[in-house]
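Working notes for the structure below.
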Amino acid sequence: MKSLTLVLIAGIFSTGLLVEPPNRQASLVRLERSLRQTASLVKADNVRRQARRKVLHIISRFNPNMDAGLKQRIADEIFEMSLKYANLDVDLLCATITHESGRTWDPRVVSKAGALGLMQIMPATGRWLARYEGMDFSDPEAVLFDPICNIRLGARYLSALIETYDLEGGLAAYNGGGRRAAMWLAHNKADGILWQETRDYVPHVLKLYDEFKGTM
Numbered sequence: 001m002k003s004l005t006l007v008l009i010a011g012i013f014s015t016g017l018l019v020e021p022p023n024r025q026a027s028l029v030r031l032e033r034s035l036r037q038t039a040s041l042v043k044a045d046n047v048r049r050q051a052r053r054k055v056l057h058i059i060s061r062f063n064p065n066m067d068a069g070l071k072q073r074i075a076d077e078i079f080e081m082s083l084k085y086a087n088l089d090v091d092l093l094c095a096t097i098t099h100e101s102g103r104t105w106d107p108r109v110v111s112k113a114g115a116l117g118l119m120q121i122m123p124a125t126g127r128w129l130a131r132y133e134g135m136d137f138s139d140p141e142a143v144l145f146d147p148i149c150n151i152r153l154g155a156r157y158l159s160a161l162i163e164t165y166d167l168e169g170g171l172a173a174y175n176g177g178g179r180r181a182a183m184w185l186a187h188n189k190a191d192g193i194l195w196q197e198t199r200d201y202v203p204h205v206l207k208l209y210d211e212f213k214g215t216m
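Listed below in structure tokens is the structure:
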């Protein structure tokens, strides 16, 4: 009986009855691919949630009275800009906004020089950037006081400057202009080339950047 059983088992293997049918194998491959995609989506969603939570925490720290819905929209936009531009991340954008807005995160803040909004964009610069974003700039204040538009324009500008001058040079250019930043870099970041405001600006933003990277 035992020998008969062994013969039957051998026959099953030899006829391929225990081999997975092709359609079964294909189904398993599709299932495995689907599971990997699902895991990737879950990971991406977790990254998004963490980033949004961090931005909301930073906004609440500096502007606790901001409308909750507006906070959510700003957090979403900052995260989207961090995806759009490889040389920007949530922490750098938040550090720039925090310093540019005078640590207020007030979408309607105005500088003595006339720069507007969270990322302190001059109207002339905003008009130039708006062309690339396809924005109607017929009312500069309406655009630049809109925090979503302001962040979108500011992120494009900051990313382009960092692409040209690297991080420190890009920050220097954002505050003091590209020509001065280029001179500074050409002279190995020598003292006396950047305006005093810019000399203070770069380390202050970088300090906030390091601080935000170390939270949550």
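Going by my numbering, the first residue of the sequence shown is number 1, and it counts up by one from there. We put the beta carbon where it would ideally sit given N, CA and C, even for glycine.
> Counting along the chain, where does the alpha helix (DSSP H) carrying Val143 start and finish?
Replying inline: Pro140 to Leu144
>> Using C-beta distances below 6 Å, list every residue in its chain close to Ser101, excluding the 5 sequence neighbours before and after it, in chain order.
In response: Val109 and Leu118
> Exposed or buried, which one is Pro64 when buried takes at least 16 other CB atoms within 10 Å?
Replying inline: exposed
>> Judging by CA-CA distance, which residue of Ala113, Tyr132 and Leu153 is the nearest neighbour of Gly176?
In response: Ala113
>> Just to confirm the assignment: which complete alpha helix (DSSP H) runs, minimum length 4, are found wholly within the region 144-190?
In response: 147-176 and 178-186
> With 16 other CB atoms within 10 Å as the buried threshold, where does Gly169 fall?
Replying inline: buried
> For Leu153 versus Gly126, is the C-beta spacing smaller than 7 Å?
Replying inline: yes
>> Is it buried or exposed, Thr198, if we count other Cβ atoms within 10 angstroms and call 16 or more buried?
In response: buried
>> Determine whether the beta carbon atoms of Ala186 and Ala172 lie at a separation below 7 Å.
In response: no
> Leaving out the 5 sequence neighbours to the left and right, which residues in its chain are closer than 7 Å to Leu208 when beta-carbon positions are compared?
Replying inline: Ala95, Thr98 and His99
> Would DSSP call Leu56 helix, strand or coil?
Replying inline: helix
>> Among the candidates Asp106, Ala124 and Asp200, whose CA atom is the shortest distance from the CA of Asp146?
In response: Asp106
> What is the DSSP secondary structure of Leu116, reduced to helix, strand or coil?
Replying inline: strand
>> Quick check: what's the CA-CA separation for Leu88 versus Ser111?
In response: 24 Å
> Ends of the alpha helix (DSSP H) at Val205?
Replying inline: Gln196 to Lys213
> Buried or exposed: where does Ser27 fall if 16 or more other Cβ atoms within 10 Å of its Cβ makes it buried?
Replying inline: exposed
>> Check for me: the alpha helix (DSSP H) holding Arg127 runs from which residue to which?
In response: Pro123 to Glu133
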